[in-house]
Amino acid sequence: MLDSIAQGLAVIFQPGMMLAIFLATLGGIIFGIIPGLNGMTFMAIFIPFTFGMDPYLAMSILTAGYAVAVTGGSVTAVLVNVPGTGPNSATLLDGFPMTQQGQAGRALGAALTASGLGGLEGGVILALLVPAVMPIVMAFGSPECFFLIVMGLSFIAALGQESKAKGMVSGLLGLLLSFVGYGPGTGFARFTFGSTELLDGVKLIPCSLAIFGMPEMIALMRSGRTIVKEGTEFRAPAADIWEGAKDVFRHWWLHMRASAIGVFVGIVPGVGGDVAVWIAYGHAKTTSKHPETFGHGNVEGVIAPESANNSKEGGAMLTTLALGIPGSGAMAVLLGAFLIQGIQPGPAFLQEHLDLAFTITGVLILTNLLGAAICMLIAPTLIKVTRIRSQLLAPFLLCIITLGAYCYRNSISDVFVMFGLTVLGWAMRQLGYSRPAFFLGFVLGGLAERYFNISMSSHGWKFFMTPISLVIIATTIISVSYQPMMVFLRKGKD
Amino acid sequence: MKGKQFCKYCIFLATMAIIMTGASAAAAVDVASFYRGKVVRLVVPFSPGGGYDLYARLLGNSMGKKLKCTVIVINKPDAGGLVAINDLYDTPRTDGLTLAMAPEGLALAQIMKAPGVRYNCRKFGWLGSINQDVRFLAVASDSPFKSIADLKKLKQPKAATTEVTAPAGPSLAIAIEALNMENAKIVAGYPGSSEVILAVRRGEADFSVRATAHLIGKNAFLRPLVVIDGKRAPEFPNIPAITEFDIKPETKKMLDIVMSGKPSERSLLTPPGVALEKITFLRKLAQTSFRDPELLKAAQKMALPVSPLTGEDAEAGVNTILKLSPKEVEKLRYVIFDKYVR
Chain A
1 MLDSIAQGLA VIFQPGMMLA IFLATLGGII FGIIPGLNGM TFMAIFIPFT
51 FGMDPYLAMS ILTAGYAVAV TGGSVTAVLV NVPGTGPNSA TLLDGFPMTQ
101 QGQAGRALGA ALTASGLGGL EGGVILALLV PAVMPIVMAF GSPECFFLIV
151 MGLSFIAALG QESKAKGMVS GLLGLLLSFV GYGPGTGFAR FTFGSTELLD
201 GVKLIPCSLA IFGMPEMIAL MRSGRTIVKE GTEFRAPAAD IWEGAKDVFR
251 HWWLHMRASA IGVFVGIVPG VGGDVAVWIA YGHAKTTSKH PETFGHGNVE
301 GVIAPESANN SKEGGAMLTT LALGIPGSGA MAVLLGAFLI QGIQPGPAFL
351 QEHLDLAFTI TGVLILTNLL GAAICMLIAP TLIKVTRIRS QLLAPFLLCI
401 ITLGAYCYRN SISDVFVMFG LTVLGWAMRQ LGYSRPAFFL GFVLGGLAER
451 YFNISMSSHG WKFFMTPISL VIIATTIISV SYQPMMVFLR KGKD
Chain B
1001 MKGKQFCKYC IFLATMAIIM TGASAAAAVD VASFYRGKVV RLVVPFSPGG
1051 GYDLYARLLG NSMGKKLKCT VIVINKPDAG GLVAINDLYD TPRTDGLTLA
1101 MAPEGLALAQ IMKAPGVRYN CRKFGWLGSI NQDVRFLAVA SDSPFKSIAD
1151 LKKLKQPKAA TTEVTAPAGP SLAIAIEALN MENAKIVAGY PGSSEVILAV
1201 RRGEADFSVR ATAHLIGKNA FLRPLVVIDG KRAPEFPNIP AITEFDIKPE
1251 TKKMLDIVMS GKPSERSLLT PPGVALEKIT FLRKLAQTSF RDPELLKAAQ
1301 KMALPVSPLT GEDAEAGVNT ILKLSPKEVE KLRYVIFDKY VR
């Protein structure tokens, strides 16, 4: 065992391998920064080049590029309110307001440190949890997945900032949009207006760009000013970034909890990273001492999703390597890359290729730290974007956003969908409806429906009567009612 | 005199044969030179890294070398491959530089008028299939079920699948019908194969239909009970083929339909309107590539089985389905969509 660990880790520190990891990390960051491209696209593009490559080198390149893309994605989410990848959507809720207040460096410092450390913890937990992965995966059937998703949906109420009613309406609208396309299991199409392009539903990236990115760009163009509000005092970027990094240590307990949420949700196959970040964000808000400042630039709202964002890869990788079961679409692609190398992940893999498993774990940890360090180095330059006049910046960003919507699936229909939804996003922004609640409903609606159908079909109406389901239900009720109860009790005392 | 005439006739025939062979060889040379240095797009209707993608990349590599051209694989993973196939049907590119790898059940989806189908299978050029997955009715490897009889003893045996319309869906419903498991129930909607396998393994469902790759190896989560094919599989010689069971004649026909629909799986397609000589040329090329030693070696390394099928056979299999009467289609639709999805 120790030999395998030593061999696996020694491979990483060979000069050629280090160079490859560095270049893949750079590539992954670029893929993350560009909206529409993500870690999965990175793997899809580079898989053909791994034919005939040494398996250690091939898997290290793919793992490095994939894992660090979400770190790059946080940069655009924080600076220009455009999520670089899907799981960065929760980061912009507080990251962008911080940027508008002249705290872009602090937000980036917090996001990147949380990302790097989250990835580190995910990697460590990946190595430690190998013996426990099978019981966890087996314990989470369809009812448990359903209630986990319901827990995520319960944060819709928490995300409605000014008005709970508007938050609920927004969440329901998001749910409605998630039902577009094939019904789960049946193959019957709903709400597609006869369009083949909508059969698979509205895609996450065009929707997030339309709801968050485009309305902000329109607002920026109308204001004619810079992203940072006028008259804001600037600190030296390096000091600001350092301040953000220190924030993660100030909120270390939140960071650890969010990382644990990420790993845990990552392990459960079929739920996915997009759920992890929202559960982490919702959890941060409901347990915060200042929930009212969330959505207005609270650094905790940056730390929680970014920690979960990178740590979830450890969890997803765990089921892929240890069980041969990919926990997400990207992991299915990675599984294909293993097959190209003639390696079949699964229980036998850990016995036969334990050194490779540790190489991948080591690369996962190293690339997350390296990615965060690279982004921090370029951050002071990137922050200057927030001081460019809107007449110059907005048209450029609009082009990037449109290109992002297109290159997500090489589909022009996604661009039309994005422009259509931009009207909704703009209207919600102007009328004060909660866009995060809408997006949360959209992300989780399809999954909730799917697992509800399966649970009802396989277990009947008593499907909630499993110990884990009951624990999740109780946790959801407590987390939703905790703050109103405290307010009520405080009023009673007064 | 008669002998002389016969000789003349023979000479005429021989001359014609030589001219025809020469002409066809010249046409083949023409087509081959057309492809030299060009870029061929091979559209895969699923995501990169999956089985379809890996087969396509192996084929693209082999065909590219033989044609002395560049074959680029383009992934269009949408609506179970429907968007890619619709796009291929609508494409104005009839120069033979665009190919696609067909998903299984293409003809079945067409006759059942599945939502979104715009294509007509008769109009594609069928070049041949590199492999058709053999499917098995499988239970959890640690389950007490040893035979179909054991499953039938359950009050309501539950079967897990992704979508009833997905490739494994029709096979599952028809296998249940053929094996006379009247009380069985299909639980559909699992997001992917992994979730289906886990559902069976953890007992949420009792069985499913899976391909060979999910059943091989000492640590496989599932164990096969029946091969859904006309013959036993070499990997599992002790597992009976479904045709060894007593099957009602009307169900046997449905089973044949589902099994004869398999030739469309992983078959290379040209869009409608491609010249016949190009299709003939590409069919031969595909067959050579399917047997390319380099491709076979790489496929073996990736644990990808190869069982080639000619373009003519693939087309014939598809046509069998397209010839079904409306009544037969209705019966098929009832069994696949309604009868067991309760």
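In order, the protein sequences belong to chains A and B.
Residues in the first sequence are numbered consecutively from 1, following this note's numbering.
Residues in the second sequence are numbered consecutively from 1001, following this note's numbering.
Note that CB positions come from ideal geometry on N, CA and C, so glycine has one too.
As the structure is a computational prediction, the values presented were derived from the model and not from experiment.
Going by beta-carbon coordinates alone, are I227(A) and V80(A) separated by less than 8 Å? It is a contact, given that the beta carbons lie within the stated cut-off.
Given a cut-off of 8 Å, decide if N368(A) and G8(A) are closer than it, judged by their beta-carbon atoms. Not a contact, by the Cβ cut-off of 8 Å.
Find the nearest neighbour of T41(A) within the set L62(A), P55(A), L23(A), D54(A), judged by alpha-carbon distance. For the residues L62(A), P55(A), L23(A), D54(A), the minimum Cα distance to T41(A) belongs to L62(A).
Sub-8 Å separation of Q1132(B) and E1265(B) beta-carbons: The Cβ-Cβ distance between Q1132(B) and E1265(B) falls below 8 Å.
So, at 7 Å on beta carbons, what are the nonlocal neighbours of A394(A) in its own chain, with the 5 sequence-adjacent residues on each side left out? Only M217, L220, M221 meet the Cβ criterion.
For T359(A), three-class secondary structure by DSSP: Of the three classes helix, strand and coil, the one that applies to T359(A) here is helix, per DSSP.
Report the option in L1215(B), L1058(B), A1138(B), T1251(B) whose CA atom is closest to the CA atom of I1130(B). The candidate whose alpha carbon is nearest that of I1130(B) is L1058(B).
Tell me whether Y518(A) sits in a helix, a strand or coil according to DSSP, three-state version. Residue coverage of chain A in this structure runs from 1 to 494, which leaves residue 518(A) outside it and unanswerable.
Distance, Cα to Cα, M1001(B) vs D1090(B)? Low per-residue confidence applies at M1001(B): pLDDT is 49, beneath 50, and the placement is therefore not dependable, though the value from the model is reported in the following sentence. Those two C-alpha atoms are separated by around 60 Å.
Spatial neighbours of L1295(B) within its chain, please: CB distance less than 8 Å, with the 5 preceding and 5 following residues excluded, ordered by chain position. The answer, listed in chain order, is L1058, L1059, N1061, S1062, S1289, V1306.
Same chain, Cβ closer than 7 Å to V560(A), neighbours up to 5 away in sequence not counted: With chain A covering 1 to 494 only, the question about residue 560(A) has no answer from this structure.
Output the distance between the C-alpha atoms of R1346(B) and A1168(B), rounded to the nearest integer angstrom. An answer regarding residue 1346(B) cannot be provided, because it is not within the stretch 1001 to 1342 covered by chain B.
Could you tell me the boundaries of the beta strand (DSSP E) in which I45(A) lies? Per DSSP, I45(A) belongs to no beta strand (DSSP E); it is in the alpha helix (DSSP H), 39–46.
Would you call the segment 1157–1167 of chain B and the segment 1313–1323 of chain B touching, i.e. three or more CB-CB distances under 8 Å? Flag = no, the segment 1157–1167 of chain B and the segment 1313–1323 of chain B do not touch.
So is L93(A) buried or exposed if we call it buried at 16+ other beta carbons inside 10 Å? The residue is buried, with at least 16 neighbouring Cβ atoms inside 10 Å.
Spatial distance of L159(A) from T293(A) (CA atoms): Separation of L159(A) and T293(A) (C-alpha to C-alpha, rounded to the nearest whole angstrom) is 11 Å.
Limits of the unbroken beta strand (DSSP E) element including T1098(B): Where T1098(B) is concerned, the enclosing beta strand (DSSP E) starts and stops at 1098–1101.
Alpha-carbon spacing of N309(A) relative to R225(A), whole angstroms: Cα to Cα, N309(A) sits roughly 32 Å from R225(A).
Ordered along the chain, which non-local residues of its own chain (more than five positions away) have a Cβ less than 8 Å from that of A44(A)? Excluding positions up to five away in sequence, the list reads V333.
Rounded to whole angstroms, what's the CA-CA distance from W242(A) to G109(A)? Just pull it up for me. Roughly 6 Å separates the two Cα atoms.
Measure the alpha-carbon distance for T475(A) versus M486(A) and round it to whole angstroms. Linking T475(A) to M486(A) through their CA atoms gives a straight-line distance of about 16 Å.
M138(A) touches chain B at which residues, Cβ-Cβ below 8 Å? Identification of chain B residues near M138(A) by a Cβ-Cβ cut-off of 8 Å yields L1198, R1201, R1202, ordered along the chain.
Suppose you measure from the CA of T1094(B) to the CA of M428(A); what does that come to, to the nearest Å? For T1094(B) and M428(A), the distance between alpha carbons rounds to 46 Å.
Check whether the segment 1112–1121 of chain B touches the segment 445–463 of chain A, taking contact to mean three or more Cβ pairs, one atom from each stretch, closer than 8 Å. Contact fails between the segment 1112–1121 of chain B and the segment 445–463 of chain A, because fewer than three Cβ pairs, one in each stretch, are under 8 Å apart.
Endpoints, the beta strand (DSSP E) within which G118(A) is located: Premise fails: G118(A) lies in the alpha helix (DSSP H), 104–128, not in any beta strand (DSSP E).
Just verifying my parser: in three-state terms, what is the DSSP assignment at L1154(B)? DSSP places L1154(B) in the coil class of the three-state scheme, outside both helix and strand.
Determine the closest residue to K203(A) out of Q430(A), K462(A), D414(A), R435(A), with distance taken between C-alpha atoms. Cα-wise, what sits closest to K203(A) is D414(A).
Round the Cβ separation of A1014(B) and G1128(B) to the nearest angstrom and send it over; I've been treating them as touching at under 8 Å. A1014(B) to G1128(B), Cβ: 32 Å. No contact.
Considering only their Cβ atoms, is the gap separating F1236(B) from V1031(B) smaller than 8 Å? Their beta carbons are not under 8 Å apart, which means V1031(B) does not touch F1236(B) by this criterion.
In this structure, how does DSSP classify M1001(B) when only helix, strand and coil are distinguished? For M1001(B), the predicted structure reports a pLDDT of 49, less than 50, and the residue's modelled location is therefore unreliable. The matter cannot be settled from this model.
Indicate the three-state DSSP secondary structure (helix, strand or coil) for S1047(B) in the structure shown. In the three-state DSSP reduction, S1047(B) falls in the coil class, being neither helix nor strand.
So, do the segment 1094–1108 of chain B and the segment 172–186 of chain A have three or more beta carbon pairs nearer to each other than 8 Å? By the Cβ rule, the segment 1094–1108 of chain B does not count as touching the segment 172–186 of chain A, because fewer than three pairs are nearer than 8 Å.
Using a Cβ-Cβ distance under 8 Å, would T540(A) count as near chain B? In the structure displayed, chain A extends from 1 to 494; residue 540(A) sits before or after that span and is not available.
Kindly identify the DSSP beta-bridge partner or partners of S1267(B). Per DSSP, S1129(B).
Residues of chain A with a CB under 8 Å from the CB of L1054(B): which are they? Here the neighbours are G336, L339, I340.
Give me the Cα-Cα distance between L37(A) and K493(A), rounded to the nearest whole angstrom. If you draw a straight line from the Cα of L37(A) to the Cα of K493(A), it comes to about 53 Å.
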